[in-house]
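Novice: Numbering (my numbering), first residue to last: 829 to 1148.
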Amino acid sequence: MAKIDNVLAILWMLRSDEKITAKQISEKLEMNIRTVYRYIDTLSISGVPIISEPGHNGGYTLLNNFIEAPLFFDFEEQTSLFHAAIFAEEAGYYGGEALNRAISKLRKYSNQEQETKINQHLTSLEVINGLSSLTLEPFLKELEQAVADGYSVKILYHKSSEKQLNDRLVDPYRIIYWNNKWYMIGFCHLRNDIRSFRVDRMESLVLTENKFNQPENFSARDFFMKNLLPPIEEKEGITSLVINGNTSALDDICQHWFLGHYLKERTSNQAVFLLEEDILHTYVPYLLLPYNKSIKVIEPISLKKRIIEVLSELIEFHQI
829 MAKIDNVLAI LWMLRSDEKI TAKQISEKLE MNIRTVYRYI DTLSISGVPI ISEPGHNGGY
889 TLLNNFIEAP LFFDFEEQTS LFHAAIFAEE AGYYGGEALN RAISKLRKYS NQEQETKINQ
949 HLTSLEVING LSSLTLEPFL KELEQAVADG YSVKILYHKS SEKQLNDRLV DPYRIIYWNN
1009 KWYMIGFCHL RNDIRSFRVD RMESLVLTEN KFNQPENFSA RDFFMKNLLP PIEEKEGITS
1069 LVINGNTSAL DDICQHWFLG HYLKERTSNQ AVFLLEEDIL HTYVPYLLLP YNKSIKVIEP
1129 ISLKKRIIEV LSELIEFHQI
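Below is the structure:
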């Protein structure tokens, strides 16, 4: 461990508000006790108000009015960082190695009481993500570097509807994580427009030497959500979908990532949505079937007929 890390580690341990001995520091940091004394002297000379109490129950503490630097985190802040690390790991965060180093430092520089409390809180939280993004780490690291430095990338990409791979030169503006997927938002030179690209559909990625400037006030979030869920005002052939049902089922439907976007009105036992006709008859039946008898489509009648058709097709498919 570098000298500065050792000095900071000792300072971190001193700020725990508990008296600590040179022996305890040397055992915790695995260093010679004389080295500990030397670092304590270094801190004192630097202006850190260390109080030294000799004797059997002696040890080192910090003066109560010592001003904390932003580097130091209290218990709640440390716990929040650990929790954030858990979420990041489950999302397939590409900076796993650096994240683990940071978490290791937090653990190493905590006293026993802090570490015990943190572990208690960590065991109370689990994040389950069935989709692994480990294979995307190299791409995500390269993309993050390209976004930060402003360099274009060449990707070999395939769209869901096409088997053929396409070469694209893209100026990456942002990386987005949404619905268990990573996306790159950027200017596509082939299409001469801003597009979104799923990272898991990239077969290869090469960082180029071409520099680009990002547009001012560009919001990747607004662009992405507008393309994913276009405003209803921009569409034609809009139809009302009226559903009755129990409160629990309607709550779930109204919070659905897609249907919730088109919610128009809601009462305790009814929800009204505004959707395009083609979407209404193509996707909505499959979204509503899992709710069984807990909901009932009031209108349009055409959707009720379509649900019956879908059920008939399923029955026919599974007939022995």
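All C-beta atoms, glycine included, are put in the ideal place defined by N, C-alpha and C.
Verify whether the separation of the beta carbon atoms of L1115 and I1066 is less than 8 Å.
Specialist: For L1115 and I1066, no; Cβs fall outside 8 Å.
Novice: Answer yes or no: do Q942 and Q906 have a C-beta to C-beta separation smaller than 8 Å?
Specialist: Yes; because the gap between Cβ atoms is below 8 Å, this pair is in contact.
Novice: Which value, in whole angstroms, describes the spacing of the CA atoms of T951 and F903?
Specialist: C-alpha separation (whole angstroms): 16 Å.
Novice: Quick check: what's the CA-CA separation for F1052 versus E1137?
Specialist: One C-alpha to the other measures close to 34 Å.
Novice: Helix, strand or coil: how does DSSP classify I1003 here?
Specialist: Three-state result, I1003: strand.
Novice: Using CA atoms only, rank isn't needed, just tell me which of Y1119, P882 and L871 is closest to I832.
Specialist: Of the candidates Y1119, P882 and L871, the one whose C-alpha sits nearest the C-alpha of I832 is L871.
Novice: Measure from the alpha carbon of N885 to the alpha carbon of each residue in K847, L1018, Y1005 and R1019, then state which is nearest.
Specialist: Ranking the options by Cα distance to N885, first place goes to K847.
Novice: Would you list, in sequence order, the uninterrupted beta strand (DSSP E) runs of no fewer than 3 residues that lie entirely inside the region 915-995?
Specialist: Here the runs fully enclosed are 979-985.
Novice: Measuring straight from C-alpha to C-alpha, what distance separates S844 and K933?
Specialist: Spanning the two alpha carbons is a distance of roughly 15 Å.
Novice: Helix, strand or coil for P898, going by three-state DSSP, please let me know.
Specialist: Interpretation of P898 is limited by its pLDDT of 47, a score under 50 that renders its predicted location unreliable; the figure taken from the coordinates is listed afterwards. Of the three classes helix, strand and coil, the one that applies to P898 here is coil, per DSSP.
Novice: For K945 and R935, I'd like the C-alpha separation in whole angstroms.
Specialist: If you take the alpha carbons of K945 and R935, they lie about 11 Å apart.
Novice: Using 8 Å as the threshold, is the C-beta distance between V981 and L1033 below it?
Specialist: Cβ distance < 8 Å, so V981 and L1033 count as in contact.
Novice: Excluding the 5 residues flanking G924 on each side, which residues of the same chain have their C-beta closer than 6 Å to its C-beta?
Specialist: Result list for G924: empty, nothing under 6 Å.
Novice: Measuring alpha carbon to alpha carbon, tell me which of K1092, A1077 and L1069 ends up nearest I770.
Specialist: No answer is possible for residue 770: the residues shown for the chain start at 829 and end at 1148.
Novice: How is the beta strand (DSSP E) around E1031 delimited, first residue to last?
Specialist: It spans M1030 to K1039 - the beta strand (DSSP E) in which E1031 sits, taken as one unbroken run.
Novice: Span of the beta strand (DSSP E) holding S854?
Specialist: Looking at the DSSP string, S854 is not in any beta strand (DSSP E); the run it does join, the alpha helix (DSSP H), is A850 to L857.
Novice: Are the beta-carbon atoms belonging to L971 and E1031 less than 8 Å from one another?
Specialist: Not in contact: L971 and E1031 (Cβ atoms no closer than 8 Å).
Novice: Between which two residues does the alpha helix (DSSP H) holding E1141 run?
Specialist: E1141 -> alpha helix (DSSP H) spans I1129 to H1146.
Novice: Let me know the secondary structure DSSP gives K1121 once reduced to three states.
Specialist: Three-state DSSP puts K1121 in a helix.
Novice: Let me know the secondary structure DSSP gives G1014 once reduced to three states.
Specialist: Here G1014 sits in strand by DSSP.
Novice: According to DSSP, simplified to helix, strand and coil, what is T889?
Specialist: It is a strand residue.
Novice: Helix, strand or coil: which one does DSSP assign to K1054?
Specialist: Looking at K1054 - three-state DSSP - the assignment turns out to be helix.
Novice: Nearest by alpha-carbon distance to D977: which of G875, P882, N1041 and H1089 is it?
Specialist: It is N1041.
Novice: What is the rounded straight-line gap between the Cα of R1162 and the Cα of I1004?
Specialist: A question about residue 1162 goes unanswered here, because the residues of the chain that appear run from 829 up to 1148.
Novice: Just to confirm my understanding: we take L1078, look at its own chain, exclude 5 residues before and 5 after, and list those with CB closer than 6 Å. What are they?
Specialist: Taken in chain order, the residues that qualify are A1099.
Novice: Measuring only from the beta carbon, is S844 closer than 7 Å to any heavy atom that is part of the ligand MG?
Specialist: This structure lacks the ligand MG, and indeed carries no ligand of any kind.
Novice: Could you pull out every residue in the same chain whose Cβ sits closer than 7 Å to the Cβ of G887, ignoring the five residues on either side in sequence?
Specialist: Cβ within range, chain order: K847, I848, T849 and E881.
Novice: Does the distance from the CB of L1018 to the CB of L984 come in under 8 Å?
Specialist: No. Outside cutoff.
Novice: Please classify K1092: does DSSP put it in a helix, a strand, or coil?
Specialist: K1092: strand per DSSP, three-state reduction.
Novice: Return the residue from the list T963, E918 and L964 that minimises the CA-CA distance to L953.
Specialist: The residue with the shortest Cα to Cα distance from L953 is E918.
Novice: Among G1073, H1109, V1112 and F1086, whose alpha-carbon lies nearest the alpha-carbon of R1094?
Specialist: Closest by alpha carbon: G1073.
Novice: What does DSSP give as the partner residues of Q1098 in its beta bridges?
Specialist: The partner list for Q1098 (beta bridge, DSSP) reads N1072.
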